[in-house]
Each structure stands twice: as C-alpha cells, then as structure tokens.
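Visitor: Encoded as structure tokens, here's the structure I'll be asking about.
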Amino acid sequence: MKDVLRKICSPVLGMFESGEGDFDYKSSHRTILIVLGLLCFLIGSVSLVMTLMTGEAAGIIPIMVFFLMGLVCEIVGLLGSDRAVARIWKRS
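Counting from 3, one number per residue, gives the positions in the sequence shown under my numbering.
Given below as structure tokens:
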C-alpha cells in the first residue's frame, strides 16, 4: 500500500528526495513535520468553517494555502525518505 501511495505522490516526493551527498536527519524532524501538517489541516478546517459562516469568498485563499501546506507536510512526513524529511528542513 505504501508503494502505491509513493507512486501517486511521486511528483511531490521527487522535489524533496533528489540530491546527493550527506544529510542531517533526526527522527524528531519527521514527528514534528507530521504534527505541523495536522496543525495546518486544523487551521484550514477552521478557516473553511468561518468562510462558510460568513459567506465571504476571500476565505478560499487561506483555506487552500493551509490545506496544501498540510498535505505536503503529511506526504513527506508519512511517505518520504529520510533525505526528503531532512531536505524539507533545509538540512544538508
């Protein structure tokens, strides 16, 4: 199942898994990345609820930004290699 998901998400993972050389990886980086993704989804959900309550169309911008940021964090955190996690943290 993980291999199928990695193939589906390969365009996103490819940006972070490319490169050569050493990288600085700690398992806490992966944990923090997953938590950050969940927080972004939470903020996006609150923005969605507030947008629906107020009826303002301008609320779509923060919703999309936070949902996309959360999606990228979760994809890299759950499916990415150690290099991808280190690269998203800008560790080289």
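Think of the CB as a built atom: it goes at the ideal place given N, C-alpha and C, for glycine as much as any other residue. Quick caveat, the model's predicted, so the values are computed rather than measured.
#1: Does DSSP put CYS11 in a helix, a strand or coil?
#2: So the alpha helix (DSSP H) ILE82 belongs to, where does it begin and stop?
#3: Using 10 angstroms around the beta-carbon of GLU76, count the other beta-carbons present and answer buried if the total reaches 16, otherwise exposed.
#4: Once you ignore the five residues that flank TYR27 on each side, which residues in its own chain have a CB closer than 8 angstroms to its CB?
#5: Which residues bound the alpha helix (DSSP H) around GLY21?
Guide: In short:
#1: In this structure, CYS11 counts as coil in the three-state DSSP scheme.
#2: Correcting the residue identity first, residue 82 is Gly in this sequence and not Ile. Secondary structure note for GLY82: it is in no alpha helix (DSSP H), with a DSSP letter that is neither H nor E.
#3: Label assigned to GLU76: buried.
#4: The answer, listed in chain order, is ASP84, ARG85, VAL87, ALA88, ARG93.
#5: That residue, GLY21, is in no alpha helix (DSSP H); it is neither H nor E in DSSP.
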